[in-house]
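For what it's worth, this note's numbering labels the leading residue of the sequence shown as 875, then goes sequentially.
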Amino acid sequence: MIRSRGAFIMAMAPDGNCLVNAFVQHQNGSYDNVMVLRERQNIVKYMLENPDEFPLTVDIANYANNAVFMGIEHITAWHNMREINVVLFQYDMDNDGLIERYWWNNEYTSNDVCGLLFTQRIQGHYDYVII
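Shown next, in the form of structure tokens:
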């Protein structure tokens, strides 16, 4: 379904850093452990400096640790921190189709859009989508 829209799915390592792997892949065209850890720490720093944006997130500093699963609130942080719009695709089993969620700010439209595919496995997994 994603491919029929002209997009390409690039698998991210299932290492607990998959969301940040996708962010770094989008920004740099590749990712490695050093770049991913640095970006993870940048996301956490942004969240700690802007706590009003994340009132329901507890123990924010813990997310700086390698391989701690990151989710929706971290997409929000990265979107605002990097000023990059994000489209998240998620398979909806009940309706046998894709759900699309957007983190969008019209001021960021000069930047490329970062695509993500979320699949529910044991905890969940993100892959990068080239839109």
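All C-beta atoms, glycine included, are put in the ideal place defined by N, C-alpha and C.
Ordered along the chain, which non-local residues of its own chain (more than five positions away) have a Cβ less than 7 angstroms from that of residue i?
i, result
"ALA881", "GLY989, VAL1003, ILE1004 and ILE1005"
"ASN936", "VAL942"
"ASN980", "none"
"ILE973", "GLN964 and ASP966"
Taking residue i as the reference, give the member of the options with the closest Cα.
i, options, result
"GLY971", "THR993, ASN985 and TYR982", "THR993"
"ILE949", "ARG877, ILE883, MET884 and LEU893", "LEU893"
"TRP977", "VAL987, ASP968 and ASN969", "VAL987"
"TYR920", "ALA951, TYR937 and ASN940", "ALA951"
"MET944", "ASN895, ARG877 and ILE876", "ASN895"
"HIS953", "GLN901, ASP968 and ASN939", "GLN901"
"VAL910", "SER984, ILE934, ASN985 and ASN939", "ASN939"
Excluding five sequence neighbours on each side, which residues of the same chain lie with their C-beta closer than 6 angstroms to the C-beta of residue i?
i, result
"ARG975", "LEU962"
"ASN959", "TRP978, TYR982 and VAL987"
"GLU947", "PHE928 and THR931"
"TYR905", "ASN895, VAL898 and GLN899"
"MET955", "TYR920"
Use the C-beta contact count for residue i: other C-beta atoms within 10 angstroms, 16 or more gives buried, fewer gives exposed.
i, result
"ILE1006", "Limits of the chain in this structure are 875 at one end and 1005 at the other, which puts residue 1006 out of reach."
"ASN891", "buried"
"GLU923", "exposed"
"VAL1006", "Residue 1006 is absent from the model: the chain starts at 875 and stops at 1005."
"GLU957", "exposed"
Excluding the 5 residues flanking residue i on each side, which residues of the same chain have their C-beta closer than 8 angstroms to its C-beta?
i, result
"ALA887", "ASN895"
"GLY998", "PHE943, GLY945 and PHE992"
"PRO1006", "For the chain, the structure presents residues 875 to 1005; residue 1006 sits outside this window and is missing."
Completely contained alpha helix (DSSP H) runs for the stretch 896-937, where each covers 4 or more residues | 907-923
Length at least 3, wholly inside the stretch 948-996: the beta strand (DSSP E) runs in chain order | Here the runs fully enclosed are 960-966, 971-977 and 988-993.
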